[in-house]
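A.B. asks: Sharing a structure here in structure tokens format.
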Amino acid sequence: MIEKSGYTIRNYSEDISDPNLSEDERSGLRMLAHLLLPHVYISAPYAFPDPIENTNKAIRIADDLYTSGVCMPILPHLTMLWNTVIPHEPAFWSEYCLLMMRRCDALLRIDGLSQGADREIVEAKKVGIPIFYYLDDLSNWLESGPDV
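Numbering (UniProt numbering), first residue to last: 1 to 148.
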């Protein structure tokens with residue numbers, strides 16, 4: 001648990017609903033929480049069997065994590081839009097995603113076949129990023145107040 005100015009950052013969603021806070025205070029608390037919350041990389045299938053379905057599933061998981069107020073999910077699937085505007089080769093996205101993952105405090109591996117997600121697991125192990133295969137295990141880690 002992280003405390004700043006009397007507010008608990010681990011579940012900031014309760015704190016920002018305090019009716020005594022001004023909108024500027026809420027905004028500042030949100031910003032502080034985003035800086036201090038553990039960043040969790042969502043490693044999940046993208047291309048197979050369908051990029052749209054896989055992205056939809058990953059977004060729903062990321063949204064649940066974000067709205068819970070316990071972590072800042074990092075979702076590489078959102079590069080789909082970037083690639084639509086400015087296409088790049090798969091190697092570009094693989095490198096970009098690995099760089100983004102290295103900035104995270106943990107990795108959540110969503111089930112499904114994926115060479116890219118498998119590469120992310122190998123890299124996470126190399127750099128010592130905790131890997132979780134189940135939301136319950138990730139939740140327990142987040143509740144333990146990881147040192148990030």
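Virtual Cβ for every residue (Gly too), placed ideally from N, Cα, C.
So the alpha helix (DSSP H) Ser94 belongs to, where does it begin and stop?
C.D. replies: Position 94 of the sequence shown, counting from 1, holds the residue named residue 94. Ser94 -> alpha helix (DSSP H) spans 90-102.
A.B. asks: Quick test of the definition: if touching needs 3 or more C-beta pairs under 8 Å, does the stretch 28-47 touch the stretch 55-64?
C.D. replies: Touching, yes.
A.B. asks: With His39 as the anchor, note down where its beta strand (DSSP E) starts and where it stops.
C.D. replies: Reading the sequence shown from its first residue, position 39 is the one you call residue 39. 39-43 is the extent of the beta strand (DSSP E) around His39.
A.B. asks: Since Leu135 is in the alpha helix (DSSP H), which residue starts that stretch and which ends it?
C.D. replies: Here residue 135 refers to the residue found at position 135 when the sequence shown is read from its first residue. Where Leu135 is concerned, the enclosing alpha helix (DSSP H) stretches over 135-143.
A.B. asks: What residue from Arg26, His39, Ser17 has the CA that sits closest to Met101's CA?
C.D. replies: By 1-based counting over the sequence shown, the position of residue 101 is 101. Ranking Arg26, His39, Ser17 by Cα distance to Met101 puts His39 first.
A.B. asks: Return the residue from the list Trp82, Glu143, Leu81, Glu123 that minimises the CA-CA distance to Leu98.
C.D. replies: Within the sequence shown, the letter at position 98 stands for residue 98. Here the closest residue by C-alpha is Glu123.
A.B. asks: What is the DSSP secondary structure of Asp147, counted as helix, strand or coil?
C.D. replies: Here residue 147 refers to the residue found at position 147 of the sequence shown. Here Asp147 sits in coil by DSSP.
A.B. asks: In angstroms, rounded to a whole number, what distance separates the CA positions of Tyr66 and Leu36?
C.D. replies: Along the sequence shown, one-based indexing puts residue 66 at 66. Along the sequence shown, one-based indexing puts residue 36 at 36. So the two alpha carbons sit approximately 13 Å from each other.
A.B. asks: Taking the CB atoms as reference points, tell me whether Cys71 and Leu142 lie closer together than 8 Å.
C.D. replies: Position 71 of the sequence shown holds residue 71. Position 142 of the sequence shown holds residue 142. Cβ atoms of Cys71 and Leu142: closer than 8 Å.
A.B. asks: Given that a residue counts as buried once 16 or more other Cβ atoms are within 10 Å of its Cβ, and exposed if not, what is Asn54?
C.D. replies: In the sequence shown, the residue the question calls residue 54 occupies position 54. Classification of Asn54: buried, given that the 10 Å Cβ count is 16 or more.
A.B. asks: Looking only at its chain, what residues have a beta carbon closer than 6 Å to the beta carbon of Pro51, apart from the 5 residues adjacent to it on each side?
C.D. replies: The residue given as residue 51 occupies position 51 in the sequence shown. Nothing listed; no residue qualifies.
A.B. asks: Using a Cβ-Cβ cut-off of 6 Å (strictly less than) and excluding sequence neighbours within five positions of Glu120, which residues of its own chain qualify?
C.D. replies: Along the sequence shown, one-based indexing puts residue 120 at 120. These residues qualify, in order along the chain: Ser43, Met101.
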